[in-house]
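Residues in the sequence shown are numbered from 4 upward in steps of one, following the working numbering.
Written out below as structure tokens is the structure these notes cover.
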Amino acid sequence: MKKFKPQPGFTVLAHKLALDPNATTNRRLHSHGGAARAAYNWAVAYITAAWWQRKAEQSYGIPEDELTAWRSWSLPSLRKAFNEDKRTNPRFADWWEENSKEAYNTGLANASAAFDNYTKSKSGKRKGPKMGIPRFKSKRKARLTCRFTTGTIRIEPDGHHVTLPRIGAVRLHENASHLRALADAGHMRILSATARLDRGRWFVSFQVEEKHELVKVARPDAAVGIDLGIKTLAVYADSDGALGGEPNPRHLDRAQRQLRRASRIVSHRQGPDRCTGQQASKRWEKANQARNRIHHRVANLREDTLHKMTTRLASEYGTIVVEDLNVAGMGRNRRLSRRVMDAAFGEIRRQLTYKTRRRGTRLVVADRWFPSSKTCSRCGVVKTKLPLSTRVFECDNCGLVLDRDANAGHNLVALAARTTGTGVAGDLDNATVAESKPRGADRKTRTTRPRRKAQAGRAGGTIPSPRAGKETGDRQQDTRTQLALW
């Protein structure tokens with residue numbers, strides 16, 4: 004399929020708006036979301052049925068050329084097969100006409116993409132963890148969504164309503180007159196609309212082709228280095244030497260007392276059981292909704308905090324430097340996993356990536372092994388070890404005493420001056436990638452084996468000259484004589 008390309012001077016964006024549907028519209032939205040889920044499950048059953056049939060026939064000794072033919076999972080093939088089956092299939096025959104064709108197309112498109120991802124993952128063409136065979140979506144756990152690409156999709160002139168195919172006019176929770184003005188002026192064209200039930204309420208996301216207008220930032224020549232953490236969410240130092248910070252609100256920790264009480268109430272109710280087929284009671288459903296509202300509020304507060312912080316930074320500085328953190332690995336620490344996930348380090352980088360791109364500014368992503376906290380921001384000496392419990396950085400070479408997060412922020416902003424490329428979304432120069440690391444290594448070095456006496460040599464921990472610093476392993480990054488010791 005040919006990839007869509009916007010016209011010159013335009014870019015593809017998405018605008019997410021909250022909906023306030025009435026009872027009738029709410030039922031229609033749920034019906035379309037359920038139809039998409041049913042179509043997805045039909046496609047999974049349609050494709051996997053041929054797989055299991057071929058496996059059974061092979062066990063009977065049937066020759067390869069006589070086995071059941073493979074079924075294509077391309078979207079046109081699935082759509083053609085579904086249209087032939089929906090009129091006679093008792094599962095769809097009585098109600099498929101109640102919803103828009105886009106609802107079924109949404110489920111079939113998702114199933115086609117799921118099978119593509121599975122085959123690419125199995126053949127090694129898809130990066131990331133291995134993906135399994137697509138499974139059926141549960142009615143209880145599946146997220147209701149429906150994507151509209153044809154029909155009447157518009158924002159009404161009053162700015163308080165949107166019109167979707169087969170659903171009609173739906174009231175918006177906020178005023179969207181600015182989007183309507185862009186459409187009337189010819190600066191925006193709606194490509195599709197996706198209705199989605201998220202965090203207990205309906206949203207609509209408009210994928211639009213919008214005229215790209217760069218907004219000048221307040222300080223285009225200034226750079227800022229951002230050091231993310233748990234005690235303080237973000238500590239940033241700019242190129243002028245000014246320090247700032249964003250306190251960590253810890254929304255999830257504040258809600259722990261309410262969550263414990265709500266979870267205790269849920270555990271006292273009769274919940275669902277897949278093994279015995281037991282259905283959840285009405286009191287369990289009510290208690291579970293009350294617990295979910297607490298989680299939804301925490302997620303909304305976190306999202307609001309991150310958007311305000313990233314927007315403020317992206318609209319002020321021309322260059323932003325962040326670290327490439329291993330968030331997945333940090334989440335495996337059983338002592339810090341909850342607070343790491345509550346801070347949402349990955350979401351901060353994702354928002355900065357697209358917000359700097361919209362403003363035409365630069366985002367530099369420091370290498371994951373760049374010693375931002377262990378390097379002295381004044382003289383450049385790198386400490387061999389700096390435990391996480393040590394919150395104050397003390398340089399034994401020049402005597403600098405500074406908060407470790409502030410020291411890391413100064414080192415990150417200095418990295419921007421040594422990066423001459425775009426740096427957008429992790430595109431670094433060779434000079435930045437080749438930055439010298441502690442002990443002269445580009446990656447984490449092997450530590451001394453346990454119960455083995457340290458001897459002379461790199462692995463044994465050679466003691467350098469006292470001129471290199473009082474702490475073992477300290478060195479000057481730009482001094483060749485100190486590098487020769489290693």
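We put the beta carbon where it would ideally sit given N, CA and C, even for glycine.
Small disclaimer: the values here were computed from a predicted structure and weren't measured.
Query raised in the report: Leaving out five residues before and five after Phe-139 in sequence, what residues of the same chain have Cβ atoms less than 7 Å from its Cβ?
Result: Counting from one through the sequence shown, the residue named residue 139 turns up at place 136. If we look at Phe-139 and ignore the five residues flanking it on each side, its Cβ neighbours are Asn-44 and Val-47.
Query raised in the report: For Thr-228 versus Gly-412, is the C-beta distance shorter than 7 Å?
Result: Along the sequence shown, one-based indexing puts residue 228 at 225. Along the sequence shown, one-based indexing puts residue 412 at 409. The sequence given here places Gly at residue 228; Thr does not occur at that position. Contact flag set, yes.
Report task. Pull up the distance between the alpha-carbon of Asn-303 and that of Ala-96, whole angstroms please. Result -> What you label residue 303 is simply residue 300 of the sequence shown in a count that begins at 1. What you label residue 96 is simply residue 93 of the sequence shown in a count that begins at 1. Approximately 40 Å between the Cα atoms of the pair.
Query raised in the report: To the nearest angstrom, how far is it from the Cα of Thr-356 to the Cα of Asp-345?
Result: Within the sequence shown, numbered from 1, the residue matching residue 356 stands at position 353. Within the sequence shown, numbered from 1, the residue matching residue 345 stands at position 342. Computed Cα separation, rounded: 20 Å.
Requested in this report: For the beta strand (DSSP E) containing Trp-205, list its first residue and its last residue.
Outcome: The sequence position of residue 205 within the sequence shown is 202, counting from 1. Where Trp-205 is concerned, the enclosing beta strand (DSSP E) stretches over 204 to 214.
Requested in this report: Using three-state DSSP, classify Leu-217 as helix, strand or coil.
Outcome: In the sequence shown, counting from the first residue as 1, residue 217 sits at position 214. Correct three-state label for Leu-217: coil.
**Report entry** Cutoff 6 Å; reference Phe-348; Cβ partners in own chain excluding five residues on either side
**Finding:** Start at 1 with the first residue of the sequence shown, and residue 348 comes out as number 345. Contacts found: Leu-231, Leu-328 and Val-330.
Report task. Indicate whether Arg-407 and Ser-376 have their beta-carbon atoms separated by less than 7 Å. Result -> Position 404 of the sequence shown holds residue 407. Position 373 of the sequence shown holds residue 376. It is a contact, given that the beta carbons lie within the stated cut-off.
Query - Proximity to Lys-234 [Cα-Cα], best of Ala-221, Ala-225 and Glu-249 - result: Within the sequence shown, residue 234 is the residue found at index 231, counting from 1. Comparing Cα positions, the closest option is Glu-249.
Query raised in the report: Distance, Cα to Cα, Leu-366 vs Arg-169?
Result: Translated into positions along the sequence shown, residue 366 becomes position 363. Translated into positions along the sequence shown, residue 169 becomes position 166. Taking the straight line joining both Cα atoms gives about 43 Å.
**Report entry** Extent of the continuous alpha helix (DSSP H) to which Tyr-121 belongs
**Finding:** Translated into positions along the sequence shown, residue 121 becomes position 118. Taken as a continuous stretch (DSSP letters only), the alpha helix (DSSP H) holding Tyr-121 covers 104 to 126.
Requested in this report: Using a threshold of 7 Å, state whether the C-beta atoms of His-164 and Asn-102 are closer than that.
Outcome: Along the sequence shown, one-based indexing puts residue 164 at 161. Along the sequence shown, one-based indexing puts residue 102 at 99. No, the Cβ-Cβ distance between His-164 and Asn-102 is not below 7 Å.
**Report entry** Minimum Cβ-Cβ distance from Lys-104 to chain B less than 7 Å
**Finding:** Absent from the structure: chain B. Only one protein chain is present.
Query raised in the report: By DSSP, does Phe-85 sit in helix, in strand, or in coil?
Result: In the sequence shown, the residue the question calls residue 85 occupies position 82. Three-state result, Phe-85: helix.
Requested in this report: Could you check how far apart the C-beta atoms of Tyr-107 and Ala-196 are, in whole angstroms? I think they sit under 8 Å.
Outcome: Along the sequence shown, one-based indexing puts residue 107 at 104. Along the sequence shown, one-based indexing puts residue 196 at 193. Not a contact, Cβ separation roughly 16 Å.
**Report entry** Boundaries (first-last residue) of the beta strand (DSSP E) holding Met-191
**Finding:** Locating residue 191 in the sequence shown gives position 188, counting from the first residue. It spans 191 to 201 - the beta strand (DSSP E) in which Met-191 sits, taken as one unbroken run.
Query raised in the report: How many Å lie between Leu-246 and Ala-237 at the Cα?
Result: As a working mapping, residue 246 is identified with position 243 in the sequence shown. As a working mapping, residue 237 is identified with position 234 in the sequence shown. Approximately 11 Å, taken between the alpha carbons.
**Report entry** Coil, strand or helix - Tyr-63 by DSSP
**Finding:** Taking the first residue of the sequence shown as 1, we reach residue 63 at position 60. The answer is coil: DSSP assigns Tyr-63 none of H, G, I, E or B.
Query - CB of Arg-494 within 7 Å of CB of Gly-162, strictly - result: The chain is shown from 4 up to 489; residue 494 falls before or after that span and cannot be answered.
**Report entry** Closest residue to Arg-222 among Asp-241, Arg-300 and Pro-11 (Cα-Cα distance)
**Finding:** Counted from its first residue, the sequence shown places residue 222 at position 219. It is Asp-241.
Report task. Could you check what DSSP says for Gly-402 in three-state terms: helix, strand or coil? Result -> Looking up residue 402 in the sequence shown gives position 399. Coil at Gly-402, not helix or strand.
Query raised in the report: Do three or more CB pairs link the segment 296 to 314 to the segment 212 to 219 at distances below 8 Å?
Result: no
Requested in this report: Tell me where the alpha helix (DSSP H) around Gly-349 begins and ends.
Outcome: The residue given as residue 349 occupies position 346 in the sequence shown. Note, Gly-349: alpha helix (DSSP H), 348 to 362.
Query raised in the report: Buried or exposed: which applies to Glu-87, given that a residue is buried once 16 or more other Cβ atoms fall within 10 Å of its Cβ?
Result: Position 84 of the sequence shown holds residue 87. So Glu-87 ends up on the exposed side.
Query raised in the report: When DSSP labels each residue in this structure, what does Gln-10 get in the three-state scheme?
Result: One-based indexing of the sequence shown puts residue 10 at position 7. Here Gln-10 sits in coil by DSSP.
Requested in this report: For Pro-1, name the three-state secondary structure that DSSP assigns.
Outcome: Here the chain covers residues 4 to 489 and nothing more, so residue 1 does not appear.
Report task. Following the continuous alpha helix (DSSP H) through Ile-268, name the residue where it begins and the one where it ends. Result -> Numbered from 1 along the sequence shown, position 265 holds the residue referred to as residue 268. Note, Ile-268: alpha helix (DSSP H), 259 to 270.
Query - At least three beta-carbon pairs within less than 8 Å, the segment 61 to 70 to the segment 114 to 126 - result: no
Query raised in the report: If you draw a straight line from the C-alpha of Gly-464 to the C-alpha of Thr-387, how long is it?
Result: Mapped onto the sequence shown, residue 464 falls at position 461. Mapped onto the sequence shown, residue 387 falls at position 384. A caution first: Gly-464 carries a pLDDT of 37, below 50, which makes its placement in the model unreliable, though a value can still be read off. In a straight line, the C-alpha of Gly-464 is about 11 Å away from that of Thr-387.
Query raised in the report: If you draw a straight line from the alpha carbon of Arg-199 to that of Gly-64, how long is it in whole angstroms?
Result: Locating residue 199 in the sequence shown gives position 196, counting from the first residue. Locating residue 64 in the sequence shown gives position 61, counting from the first residue. Between Arg-199 and Gly-64, the C-alpha separation is close to 48 Å.
Requested in this report: Compute the distance between the beta-carbons of Tyr-320 and Ala-417, then report whether it is under 7 Å.
Outcome: Here the question's residue 320 lines up with position 317 in the sequence shown. Here the question's residue 417 lines up with position 414 in the sequence shown. Contact flag unset, no.
Query raised in the report: Do you know how far the Cα of Ser-126 is from the Cα of Val-436?
Result: Translated into positions along the sequence shown, residue 436 becomes position 433. Translated into positions along the sequence shown, residue 126 becomes position 123. Confidence at Val-436 is low in this model, with a pLDDT of 36, below 50, so its placement is unreliable and no value can be given for it.
Query raised in the report: Helix, strand or coil: how does DSSP classify Arg-94 here?
Result: What you label residue 94 is simply residue 91 of the sequence shown in a count that begins at 1. It is coil, neither helix nor strand.
**Report entry** contact_flag[the segment 287 to 305, the segment 330 to 341] where n(CB pairs < 8 Å) is 3 or more
**Finding:** no
Query raised in the report: Quick one: Cα of Val-385 to Cα of Thr-378, how far?
Result: Translated into the one-based positions of the sequence shown, residue 385 becomes position 382. Translated into the one-based positions of the sequence shown, residue 378 becomes position 375. Looking at the two C-alpha atoms, the distance is approximately 4 Å.
Query raised in the report: In or out: Leu-391 buried (at least 16 other Cβ within 10 Å) or exposed?
Result: As a working mapping, residue 391 is identified with position 388 in the sequence shown. Exposed, by the Cβ-count rule.
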